[in-house]
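What follows is a set of notes on a single structure, which appears directly below.
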Amino acid sequence: MSGQVFTVSELNGRVKTLLDSDVILQDIFVAGELSNYKLYPSGHHYFSLKDAEGTLRCVMFKGSGGKLVFRPENGMKVVANGRVSVFPRDGAYQLYVNQLIPHGTGDLHIAFEQLKEKLAKEGLFDPAHKKPIPRFPERIALITSGAGAAVRDMIRVLGTRYPLAKVIVMPVRVQGVEAPPEIVGALTYANRHQVADLIIAGRGGGSIEDLWAFNDESVARAIFASKIPVISAVGHEPDVTIADFVADVRAATPSNAAELAVPHIDELREILDHSRARMTMVVRRQLMQYRQRLTDFREKPVLESPLGYIQQRRLAFEHMRERLSAVAWQQTAARRERFVTLAAKLDALSPLKVLGRGFSVVKSGDGKVLNRAGDVKIGEKISVTLSEGTLHCAVEGRD
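Numbers in our numbering are just positions in the sequence shown, counted from 1, shifted up by 193.
Shown next, in the form of structure tokens:
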């Protein structure tokens with residue numbers, strides 16, 4: 194053999210050296226469709242990029258994978274940036290990915306939709322979890338940048354509309370990687386120490402990158418966990434963040450959040466004036482009624498002349514007594530007359546009256562009244578009752 198003989202490792206190493214020396218392959222962008230995507234417990238991402246005619250093995254180590262703001266999924270069109278090299282152990286070349294970008298749409302937009310879908314499934318957007326905003330908050334916490342225009346606008350609106358409320362500014366960063374933990378920390382502190390009755394969390398307008406702190410999952414969960422009602426006030430009216438979906442109330446702008454948080458002092462004055470007018474009218478009506486009742490009492494005879502009132506009552510009593518006596522006498526006379534009539538009728542029917550006209554009552558020895566001669570026997574003793582006295586006889590014969 195005239196040619197040089199390489200071991201497998203030497204050949205793999207030579208190919209690796211050739212690939213590593215190619216400037217284009219050390220910073221290349223490759224478009225394709227994700228396939229066989231796996232995230233291992235180590236934090237490394239392994240997957241393939243494929244198109245209609247080929248497949249490319251890829252690996253994304255934990256350090257680069259931790260910077261992803263969206264969740265890669267099989268079938269997703271992406272653009273991978275990295276370097277091409279060979280893994281000497283198995284001789285397969287692969288793309289070592291430093292950055293993964295959704296193809297045709299921004300990675301932040303993908304991340305937004307994925308987190309929105311995830312939290313919606315968990316119920317974090319459910320209206321049943323929304324807490325009511327206090328009607329007259331005494332303390333309002335503003336979790337926002339301490340130097341931005343948004344905080345000045347909110348303080349101005351709150352001071353104009355409802356100067357009775359105490360405004361507590363809890364300054365945090367609202368942009369950059371440090372922003373989410375600071376916002377979460379402020380929400381946690383406000384709840385732990387009950388610093389306010391209402392929280393307004395937000396910032397002024399900007400790009401999706403500028404507003405991204407309010408699309409962070411930890412911020413969304415902190416808002417959901419807050420026992421204090423939260424108004425989300427992020428950006429301008431067209432801007433929508435995950436915080437808007439989780440918050441108890443979503444405001445179009447920070448100024449609008451201040452308007453939603455408190456009533457206007459002029460409206461309260463109008464309500465109070467109306468209530469005072471109604472109360473005054475009611476009290477006046479009651480006073481008039483009481484005054485009329487007092488006048489009526491004062492004009493009563495019993496109050497003008499107590500003795501005269503008693504005399505009138507005495508006369509009324511005498512009149513009533515006379516009427517009762519007359520009625521009683523009439524009823525007694527009528528009953529007496531009826532009694533006489535009934536007594537006369539009863540007297541007319543008396544057996545003694547019959548005996549007085551010459552009739553008698555004949556009784557057998559056992560006291561039974563005899564009506565027929567055949568009811569006695571010859572020699573039987575009978576009694577004959579006359580109008581005056583009784584005869585005791587013996588039957589000598591009968592017809």
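Heads up, the beta-carbon is just placed ideally off N, CA and C, and yes, glycines get one too.
Three-state secondary structure (DSSP) of residue i
i    : result
M269 : coil
K538 : helix
K359 : strand
K243 : strand
G258 : helix
H429 : coil
R264 : coil
V388 : coil
F318 : coil
L461 : helix
L404 : coil
R151 : Residue 151 lies beyond the range of the chain shown here (194 to 592); nothing can be said about it.
V442 : strand
V370 : coil
I571 : coil
G378 : helix
V423 : strand
Limits of the unbroken beta strand (DSSP E) element including residue i
i    : result
I294 : A285 to P295
T337 : R332 to T337
V555 : V554 to S557
V201 : Careful: V201 lies outside any beta strand (DSSP E), inside the alpha helix (DSSP H) at V201 to S214.
G395 : L391 to R396
L563 : It is not in any beta strand (DSSP E) - L563 carries neither H nor E in the DSSP assignment.
R250 : T248 to M253
Host alpha helix (DSSP H) of residue i (start-end)
i    : result
P447 : P447 to A454
H585 : First-last for H585: T583 to A587, but that is the beta strand (DSSP E), not the alpha helix (DSSP H).
Y233 : Run containing Y233: none; DSSP gives neither H nor E here.
T434 : Run containing T434: none; DSSP gives neither H nor E here.
R345 : A342 to R354
R414 : E410 to A418
Bridge-paired residues (DSSP) for residue i
i    : result
Y280 : Correcting the residue identity first, residue 280 is Phe in this sequence and not Tyr. DSSP output for F280 lists A285 as bridge partner(s).
S576 : K556 and H585
E226 : K243 and K270
H238 : L232 and M253
I221 : G275
Spatially closest choice to residue i from the options, by CA coordinates
i    : options                   : result
G275 : I303, L212, A389 and K420 : L212
S235 : G259, L249 and F222       : G259
N564 : V475, R349 and S553       : S553
H237 : G225, P265 and T525       : P265
D319 : Y286, V439 and A536       : V439
L584 : G558, Y502, I571 and R591 : G558
I217 : L288, M347 and N229       : L288
G206 : D220, S278 and A245       : S278
I393 : V562, A224, A451 and A304 : A451
V271 : G284, A224 and P431       : A224
L227 : S425, A587, T210 and G247 : G247
E410 : A304, R507, R529 and R531 : A304
T337 : Y355, D346 and V365       : V365
K574 : G582, A587, D568 and V562 : A587
L453 : I424, E430 and E306       : I424
I294 : E315, F280, G316 and V262 : V262
V370 : F407, I326 and M269       : F407
F222 : A313, L535, H296 and A537 : H296
Is the number of C-beta pairs between the stretch 247-259 and the stretch 394-407 that are closer than 8 Å three or more?
no
Taking one C-beta from the stretch 420-439 and one from the stretch 455-466 each time, how about it: are there three or more such pairs within less than 8 Å?
Counting C-beta pairs closer than 8 Å gives fewer than three between the stretch 420-439 and the stretch 455-466, which falls short of the contact rule.
Stretch-stretch touch, CB-based, cutoff 8 Å, three pairs: the stretch 341-352 with the stretch 373-385
no
So, does the stretch 361-375 touch the stretch 476-494, judging by three or more C-beta pairs under 8 Å?
no
Taking 8 Å as the cut-off, does the stretch 410-424 touch the stretch 349-356 (at least 3 CB pairs, one atom from each stretch)?
no
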